[in-house]
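Residue numbers (my numbering): 605 to 951. Beta carbons: idealized from backbone N, C-alpha and C, even for Gly. The structure appears right after this line, and notes come after that.
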């Protein structure tokens, strides 16, 4: 393992940004989100979660498929935008796990070309969590707040320095490019980081267990609950605002739109939400999910039943964003708890 003292982080940002676009958790007006780093930005590596997950880097909220224009009665198609290499520094282990879940959707055949290229061009550096809060429950999904296997480099914040471990070929290559800023980590420093990791994992697991956020068996239980009265209870609380989908690191619904003005136009993709009434609206006017009841049911059935049936993993990483942000406290942790209650006969 290597280490870098925090006094050298500004130099690290400069070196990384000279090689690729560097995305860091940047704080502006008290809000922390990932953004391309510029000199003078306020970087906050201690923020537990950014408001918008870093999936926005690999799966942008809006992206252009193509542009076209008509000149001299001929149609000219412009090529896809080339974004180039990037480094995503500071993603939490839960958000790295969220990107891994997106991979299973976008990298299966037929592969999504834009997503695939963006993933190939990126190097992901994850920062371990030292103090998850009461809304975190990643351990419920067999994740660790102090470890991100899907990251190219894993970093632990040890106070005055960051412990640094490359986990892939891309991680080794990037590590070599900033070798002048790194030092060898002593054995006792490495041991301290692993002990911290174990303590944090145990603490979060105990808290999640106490709250009843245990998804084991929920997939099988939900298979027989499509017509359950429990959806009546859930949907009446839902406002249909869609905030849960936009801040979720695993949601991947999108829409494709064309636009034109005069002799120019284009096609773009943008995030969409299964919580919106027009998400399943057909050209004929038919809508298979006409009310919030069907939409609420679909959201939680997808994450806790359909996705795991297809890919073997729950489509949740326990980041806690929906727990913190849902205005009516209708979050996936609450659904897991209540569905678990049905399973155990405590309804």
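Near residue i, which residues of its chain fall below 8 Å by C-beta distance, leaving aside the five closest residues on each side in sequence?
i           : result
residue 675 : 867
residue 930 : 847, 848
residue 845 : 879, 931
residue 720 : 710, 711
residue 917 : 705, 708, 745, 911
Work out the CA separation of residue j and residue i for me, nearest whole Å.
i           : j           : result
residue 623 : residue 800 : 32 Å
residue 693 : residue 904 : 31 Å
residue 871 : residue 878 : 21 Å
residue 695 : residue 742 : 14 Å
residue 773 : residue 727 : 10 Å
residue 948 : residue 902 : Low local confidence applies: a pLDDT of 45 at residue 948 is under 50, so the model's placement there is unreliable, with the coordinate-based value given in what follows. Cα to Cα, the separation comes out at about 23 Å.
residue 875 : residue 852 : 11 Å
residue 744 : residue 701 : 13 Å
residue 906 : residue 788 : 45 Å
residue 615 : residue 722 : 26 Å
residue 716 : residue 710 : 5 Å
residue 825 : residue 792 : 46 Å
residue 751 : residue 734 : 11 Å
residue 769 : residue 630 : 23 Å
residue 713 : residue 704 : 16 Å
residue 811 : residue 900 : 27 Å
residue 777 : residue 882 : 46 Å
residue 855 : residue 663 : 10 Å
residue 747 : residue 864 : 45 Å
residue 828 : residue 913 : 14 Å
residue 736 : residue 887 : 46 Å
residue 895 : residue 771 : 46 Å
residue 758 : residue 605 : 10 Å
residue 795 : residue 783 : 22 Å
residue 820 : residue 915 : 16 Å
residue 706 : residue 729 : 17 Å
residue 634 : residue 678 : 50 Å
residue 816 : residue 632 : 36 Å
residue 665 : residue 687 : 15 Å
residue 814 : residue 889 : 46 Å
residue 806 : residue 643 : 38 Å
residue 658 : residue 738 : 21 Å
residue 843 : residue 790 : 53 Å
Where DSSP assigns a beta bridge to residue i, which residues make up the other side?
i           : result
residue 661 : Note: residue 661 sits in no beta bridge, so no partner.
residue 767 : 607, 760
residue 864 : 869
residue 858 : 875
residue 730 : 695, 758
residue 748 : 751
residue 788 : 606
I believe residue i touches residue j by the beta-carbon criterion, under 8 Å. Please report the beta-carbon distance rounded to the nearest angstrom.
i           : j           : result
residue 640 : residue 654 : Not really, about 14 Å apart at Cβ, beyond 8 Å.
residue 698 : residue 909 : The Cβ separation is near 21 Å, so there is no contact.
residue 647 : residue 628 : 5 Å
residue 660 : residue 638 : 7 Å
residue 927 : residue 838 : About 15 Å; that fails the 8 Å criterion.
residue 808 : residue 857 : Actually they do not touch by this definition, with Cβ atoms about 29 Å apart.
residue 620 : residue 691 : 5 Å
residue 942 : residue 860 : Not a contact, Cβ separation roughly 35 Å.
residue 775 : residue 756 : 4 Å
residue 944 : residue 831 : So it is not a contact: roughly 19 Å between Cβ atoms.
residue 749 : residue 804 : 5 Å
residue 802 : residue 897 : That pair is no contact at about 43 Å.
Suppose the cutoff is 6 Å on Cβ atoms and the five residues either side in sequence are ignored; what does the same chain contact list for residue i look like?
i           : result
residue 841 : 932, 934
residue 612 : 785
residue 689 : 624, 725
residue 636 : 629, 648, 651, 654
residue 911 : 919
residue 754 : 700, 704
residue 645 : 630
residue 617 : 641
To which residues of the same chain is residue i closer than 7 Å at the C-beta, ignoring the five residues directly before and after it?
i           : result
residue 765 : 607, 608, 609, 610
residue 681 : 670, 672
residue 885 : 891
residue 797 : 760, 762, 767
residue 862 : 869, 871
residue 936 : 904, 907, 920, 926
residue 667 : 718, 872, 873
Report yes or no: is there a C-beta of chain B within less than 9 Å of the C-beta of residue i?
i           : result
residue 807 : Among the chains in the structure shown there is no chain B, since it carries only a single protein chain.
Curious, which full-length beta strand (DSSP E) runs of at least 3 residues does the region 666–696 contain? 666–675, 678–682, 690–695
Going residue by residue through the region 873–940, where are the continuous alpha helix (DSSP H) segments of at least 4 residues, counting only ones entirely within it? 896–905, 911–915, 925–929
Could you pull out every unbroken beta strand (DSSP E) segment of at least 3 residues lying fully inside the region 618–655, listed in chain order? 625–632, 635–640
Ordered list of alpha helix (DSSP H) runs contained in the region 804–845, each at least 4 residues: 822–826, 834–839
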